[in-house]
Amino acid sequence: MRRAAVLGTGQTHHRTRRTDVSMAGLCREAIDRALADAGVGWEQIDAVVLGKAPDLFEGVMMPELFLASALGAAGKPLLRVHTAGSVGGATAIVATSLVRAGAHRRVLAVAFEKQSESNAMWALSIQPPFSAPITAGAGGYFAPHIRSYIRRFGVPGHIGALVAVKDRRNGALNPYAHLRQPEITRESVQASTMLWDPIRYDETCPSSDGACAVVIGDQQAAEASERQVAWIRATSMRTEPTFYAGKDHVNPRAGATAAAALWAAAGIKDPLDEVDVAELYVPFSWFEPMWLENVGFVGQGQGWKLVESGETALGGALPVNPSGGVLCSNPIGASGLLRFAEAAMQVMGRAGEHQVAGASTALGHAYGGGSQFFSMWVVGRNP
Amino acid sequence: MDTLSAPLTIAFDYTRSLGPVLGRFMAGLRDRRVLGGRTADGRVHVPPLEYDPGTHEPVTELVEVSPAGTVISWTWIDRPLEGQPLDRPFGWALIRLDGADTPLLHAVDAGAAGAMSTGMRVRIRWAPTPSGHIRDIECFEPGTGEPAGATTEPEPVTIMTTPIRLHYRHSTSVEESGYLRGLAEGRIVGRRCPDCRKVYVPPRVCPACGVATDEAVEVADRGTVTTFCVVNVPFAGQRLTPPYVVAQVLLDGADIPIPHLILGVPAADVRMGLRVAAVWRDRADWSTTPENIDHFEPAGEPDAPYETFAEHL
Chain E
1 MRRAAVLGTG
11 QTHHRTRRTD
21 VSMAGLCREA
31 IDRALADAGV
41 GWEQIDAVVL
51 GKAPDLFEGV
61 MMPELFLASA
71 LGAAGKPLLR
81 VHTAGSVGGA
91 TAIVATSLVR
101 AGAHRRVLAV
111 AFEKQSESNA
121 MWALSIQPPF
131 SAPITAGAGG
141 YFAPHIRSYI
151 RRFGVPGHIG
161 ALVAVKDRRN
171 GALNPYAHLR
181 QPEITRESVQ
191 ASTMLWDPIR
201 YDETCPSSDG
211 ACAVVIGDQQ
221 AAEASERQVA
231 WIRATSMRTE
241 PTFYAGKDHV
251 NPRAGATAAA
261 ALWAAAGIKD
271 PLDEVDVAEL
281 YVPFSWFEPM
291 WLENVGFVGQ
301 GQGWKLVESG
311 ETALGGALPV
321 NPSGGVLCSN
331 PIGASGLLRF
341 AEAAMQVMGR
351 AGEHQVAGAS
361 TALGHAYGGG
371 SQFFSMWVVG
381 RNP
Chain D
1 MDTLSAPLTI
11 AFDYTRSLGP
21 VLGRFMAGLR
31 DRRVLGGRTA
41 DGRVHVPPLE
51 YDPGTHEPVT
61 ELVEVSPAGT
71 VISWTWIDRP
81 LEGQPLDRPF
91 GWALIRLDGA
101 DTPLLHAVDA
111 GAAGAMSTGM
121 RVRIRWAPTP
131 SGHIRDIECF
141 EPGTGEPAGA
151 TTEPEPVTIM
161 TTPIRLHYRH
171 STSVEESGYL
181 RGLAEGRIVG
191 RRCPDCRKVY
201 VPPRVCPACG
211 VATDEAVEVA
221 DRGTVTTFCV
231 VNVPFAGQRL
241 TPPYVVAQVL
251 LDGADIPIPH
261 LILGVPAADV
271 RMGLRVAAVW
281 RDRADWSTTP
291 ENIDHFEPAG
301 EPDAPYETFA
311 EHL
């Protein structure tokens, strides 16, 4: 298969409300940084792929239409991708596919969310006629599955707090992160309000405005780059129904099969040994141990032990979410692309204060819907 | 069989962060001035573009254009829709304001289609009290006008509110209609997948096999709490006052749980494996809705062993 690489990445400063910029301005803040990071001019971009979560979040149907000129897409192919919260990852994978198929030399992938234009909790709680008035909110959807994980493996109750402390302190090293809390402690997390038992306030992601962009190029473009690129060693996407009889909400089949296909395509036999850093989509802290198991870093019931051992912190065997992750910044449509971009930044050696020393292989991961869509990539310092 | 349907309205007062260019445009409208944006090719766009499609640079030069212009194409609307600028028949027109190079789509209050023509001269009818919003342009009307002329440029508008209302008719499937009619009689009727033999409540096309579920199967109005959360947080659209328990309830005879409320017991006493029974509303209030079941409460039975519901988590 043809090779592809990330030439550059860019992201916005993520905040609760970015009222200083329009949706176009938000996207351009990320795009301009990505082009500069890649050392690529607009004339070298052959196509644009835009990712965004449900249109109901901003109340703009098909935002790619009105954003086309701002995205630099005039006269070029423009595609919209939508796979709920995983869309950022899917956007990067679609752009990668366009390059690997030989259709384009350089593709710009951009994803955004401007949550402040409405209320995501409202948008996710629309109740159609003939349905029961059982609303629990986004955390209320996932909290029961976390409870199931705790029950299935007898997990100690403090694991969620350990992840929250790690990610928020990591976020304090990331100048773009929405939440930067260097002083947070396990005790302060455990003292925070219980929102959706067993999920506490400090164990949930914020609601953010933000965008992310990456420039993906083919082998010739990568070799022409004057800076280190992130070679895309493998990508993988899988889907399953949100609900079906026997669905395993703790260890979703689509996530496990996507990961197995990813490792096989990347030639990785022992992910925990061969991957240096992972950016996992963790909107509620408990999903770190769940996804560590789901993607196969450790066996079933072992994820929480890896967390407890401290090996997922910076300096550990497998740092997870050195950027602070979704727990620190959650512009939903962009959150997946941020995971993918942060993985690339790590192997390019451009992750700043949250750089994992010597990182040469990294995982970017995203999921969306009710654990319905999964997208992942492995990037490396070498092809 | 007739399927059940009902109206659904979704409405929200969305905001728009305008950014520097559109913020200046809206501020101009508040002063009854129309600002266009000049792109590198010299063309003036109304409304202004935020970024030049040719050079990709931010548009920074805004110039005032006339509130009057020429209709370059149009169509007639006999029956205006909710949310359109006028509630009486009007012309939708592409209007090129004097000084602009691009047309603006807006309504012309011409009275009758016979009064509309390509090339006709129209001018803005301003809202009585402009507020820095796109709706400051109420509509256009036949006539001429002149630019207000330069004043000191006002502070850009930061945010504009744009209420959106969407009206749908929500229709159920044949299977779901049968389920709802069962509920109106106090029965819970699911359907079994012919391939995997799983019973779905509510019935639907089997998500795992992709085939229609055919065999009707009545299930019990009692079951087992597989897992749950305690909702302590208030949020938009919520119908109950926290704290309350939302649980996954696996009804006896069904193969997939339904979410429902567990009341009549302190939240701290709800547990995985708790046996619960439906509490129906007064029979006189029953209709074709799952709301006939108000909530579930403890059934007073021993808890179900974990192994009996472990595969439903």
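Quick mapping for you: the protein sequence lines, in order, are chains E and D. To convert, note that position 223 of the first sequence is 223 in UniProt numbering; the numbers rise steadily by one, no gaps. To convert, note that position 43 of the second sequence is 43 in UniProt numbering; the numbers rise steadily by one, no gaps. Idealized CB from N, CA, C, for every residue including glycine.
K247(E) is classed as buried because its beta carbon has at least 16 other beta carbons within 10 Å across all chains shown. Under the Cβ distance rule, D197(E) counts among the residues neighbouring chain D, one pair being separated by less than 7 Å. Burial is judged here by how many other beta carbons sit within 10 angstroms of a residue's own beta carbon; A115(D) has fewer than 16 and is exposed. Contiguous alpha helix (DSSP H) elements confined to the stretch 116-155 of chain E occur at 120-123, 137-153, taking only those with 4 or more residues.
With 16 or more other Cβ atoms inside 10 Å of its own Cβ, S148(E) counts as buried.
Distances from the CA of V231(D) to each of A260(E), P144(E), C212(E) were compared; the closest alpha carbon is that of P144(E). About 19 Å separates the CB atoms of F142(E) and G333(E); that is not less than 8 Å, and the two are not in contact. For K114(E), the residues of chain D that pass the 8 Å Cβ criterion are S17, in the order they occur in the chain. Of the residues assessed, V21(D) falls on the buried side of the cut-off, its CB having 16 or more other CB atoms within 10 angstroms.
A residue is called buried once 16 or more other Cβ atoms fall within 10 Å of its Cβ, and H167(D), having fewer, is exposed.
In the pairwise beta carbon analysis, the stretch 25-34 of chain D is classified as not touching the stretch 123-132 of chain E: fewer than three pairs are separated by under 8 Å. Contact of T83(E) with chain D is not assigned, every C-beta pair being separated by 7 Å or more.
When 7 Å is used as the limit between beta carbons, I134(E) is near these residues of chain D: V246, P259, H260, L261, in chain order. Boundaries of the alpha helix (DSSP H) around V326(E): 325-328. Sequence-distant Cβ neighbours of R96(D) in its own chain, meaning closer than 6 Å and more than five residues away, are G69, T70, I72, P103. Residues of the UniProt domain "ChsH2 C-terminal OB-fold" (217-281) of chain D that bring their beta carbon within less than 7 Å of a beta carbon in chain E comprise T227, F228, C229, V230, V231, N232, V233, F235, A236, G237, Q238, R239, V246, Q248, D255, I256, P259, H260, L261, M272, in sequence order. By alpha-carbon distance to G39(E), the top candidate from V215(E), A70(E), L124(E) is V215(E). Using a Cβ-Cβ cut-off of 7 Å, I45(E) does not count as an interface residue toward chain D, since no Cβ of chain D sits closer than that to its own. With a threshold of 7 Å between beta carbons, N174(E) makes no contact with chain D. Put simply, the stretch 61-71 of chain E touches the stretch 47-55 of chain D. At least three CB pairs are less than 8 Å apart. Excluding the 5 residues flanking it on each side, G182(D) has same chain C-beta neighbours closer than 7 Å at I188, V189, in chain order. Nearest to M290(E) by alpha-carbon distance, out of G303(E), Y281(E), T235(E), is G303(E).
Identification of chain E residues near F12(D) by a Cβ-Cβ cut-off of 9 Å yields L56, G59, S118, N119, W122, A123, ordered along the chain. The C-beta of N170(E) has 16 or more other C-beta atoms within 10 Å across all chains shown, which makes the residue buried. Leaving aside the five residues that flank A161(E) on each side, the residues in its chain whose CB is nearer than 6 Å to its CB run, in chain order, R186, V189, Q190.
Secondary-structure assignment with DSSP links I137(D) through a beta bridge to W126(D). Taking a beta-carbon distance threshold of 7 Å, I164(D) counts as an interface residue toward chain E. In the displayed model, G255(E) falls within a helix according to three-state DSSP.
Taken in chain order, the complete alpha helix (DSSP H) segments of 4 or more residues contained in the UniProt domain "Thiolase C-terminal" (252-374) of chain E are 253-266, 271-274, 287-294, 303-308, 325-328, 332-348.
The beta-carbon distance between E301(D) and R271(D), rounded to whole angstroms, is 13 Å. This is too long to meet the 8 Å contact definition.
Within 7 Å of the CB of P53(D), the CB atoms of chain E belong to S69, A74, in sequence order along the chain. Proximity of chain E to A184(D) at the Cβ level (cut-off 9 Å) is not reached, the minimal Cβ distance being about 11 Å. Using a Cβ-Cβ distance cut-off of 8 Å, the stretch 279-286 of chain D and the stretch 241-258 of chain D are not in contact, since fewer than three pairs of beta carbons, one from each stretch, lie closer than that value. Under the rule that a run must span 3 or more residues, the beta strand (DSSP E) segments found entirely inside the UniProt domain "ChsH2 C-terminal OB-fold" (63-126) of chain D read 68-77, 90-97, 104-108, 121-126.
Three or more beta-carbon pairs separated by less than 8 Å link the stretch 289-307 of chain D to the stretch 250-270 of chain D, which places the two stretches in contact. At a beta-carbon threshold of 7 Å, the residues of chain E lying near L49(D) are S69, ordered along the chain.
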